[in-house]
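Residue numbers (UniProt numbering): 1 to 157. Every residue gets a Cβ at the ideal spot worked out from N, C-alpha and C, and that includes glycine. Everything numeric in this text was worked out from a predicted model, so none of it was measured. What follows is a short report on a single structure.
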């Protein structure tokens with residue numbers, strides 16, 4: 001699994017979910033399986049089949065979260081900008097202007113922290129990829145489902 005950029009807050013949420021799945025949920029599913037086994041023939045036992053499907057889903061989510069936690073890179077949301085470092089990186093909040101002259105503010109986050117309602121865009125999205133490693137004053141062209149868009153990076157905040 002490739003590196004996943006996430007906030008410390010999101011990492012804690014994933015760790016909490018992982019712990020819940022490994023303990024409470026796993027135990028509950030095991031109990032459902034045992035109860036379903038006691039009902040008789042497993043080949044036609046809907047409760048047993050359902051419980052096994054829930055178990056497979058739960059174990060898949062556990063593997064997914066374990067990989068995510070293992071490969072997570074924490075975004076330093078409180079880092080200070082210095083004159084020496086002026087390129088856009090994951091975790092940065094940037095101010096841009098589109099070709100109509102409208103100003104917008106975006107925060108570049110890892111794919112698991114995306115929230116369009118708060119202008120948090122993924123580093124893996126076309127827009128996020130286009131802004132990475134760019135400097136204020138630079139024009140950026142992005143091909144989106146709506147067509148070609150142009151932005152000027154005004155500032156890294």
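Continuous alpha helix (DSSP H) stretch holding residue i: start and end
i, result
"residue 61", "46 to 70"
"residue 16", "8 to 20"
"residue 103", "Element bounds for residue 103: not the alpha helix (DSSP H) but the beta strand (DSSP E), 103 to 109."
"residue 37", "26 to 37"
"residue 129", "126 to 131"
Sub-8 Å separation of residue i and residue j beta-carbons
i, j, result
"residue 137", "residue 153", "yes"
"residue 90", "residue 75", "yes"
"residue 5", "residue 123", "yes"
"residue 156", "residue 132", "no"
Alpha-carbon spacing of residue i relative to residue j, whole angstroms
i, j, result
"residue 110", "residue 143", "20 Å"
"residue 97", "residue 8", "29 Å"
"residue 113", "residue 3", "14 Å"
"residue 33", "residue 57", "14 Å"
"residue 84", "residue 31", "Per-residue confidence for residue 84 stands at a pLDDT of 43, beneath the threshold of 50, marking its modelled position as unreliable; no derived number is given."
"residue 117", "residue 42", "47 Å"
"residue 70", "residue 29", "25 Å"
"residue 135", "residue 106", "14 Å"
"residue 73", "residue 39", "47 Å"
"residue 115", "residue 121", "7 Å"
"residue 88", "residue 51", "47 Å"
Residue interval of the beta strand (DSSP E) (run including residue i)
i, result
"residue 91", "First-last for residue 91: undefined, no H or E at that position."
"residue 152", "147 to 156"
"residue 141", "139 to 144"
"residue 100", "Residue 100 -> no beta strand (DSSP E), and no H or E assigned at all."
Proximity to residue i [Cα-Cα], best of the options
i, options, result
"residue 60", "26, 36, 72", "26"
"residue 93", "64, 104, 28", "104"
"residue 148", "5, 72, 126, 120", "126"
"residue 15", "67, 50, 120", "67"
"residue 24", "141, 119, 55, 133", "55"
"residue 102", "45, 150, 130", "150"
"residue 64", "51, 39, 50, 17", "17"
"residue 95", "139, 115, 53", "139"
Integer-rounded CB distance, given that residue j should sit under 8 Å from residue i
i, j, result
"residue 22", "residue 62", "6 Å"
"residue 47", "residue 36", "4 Å"
Residue i CB to nearest heavy atom of the ligand PLP below 7 Å
i, result
"residue 116", "For the ligand PLP, the structure offers nothing, since it holds no ligand at all."
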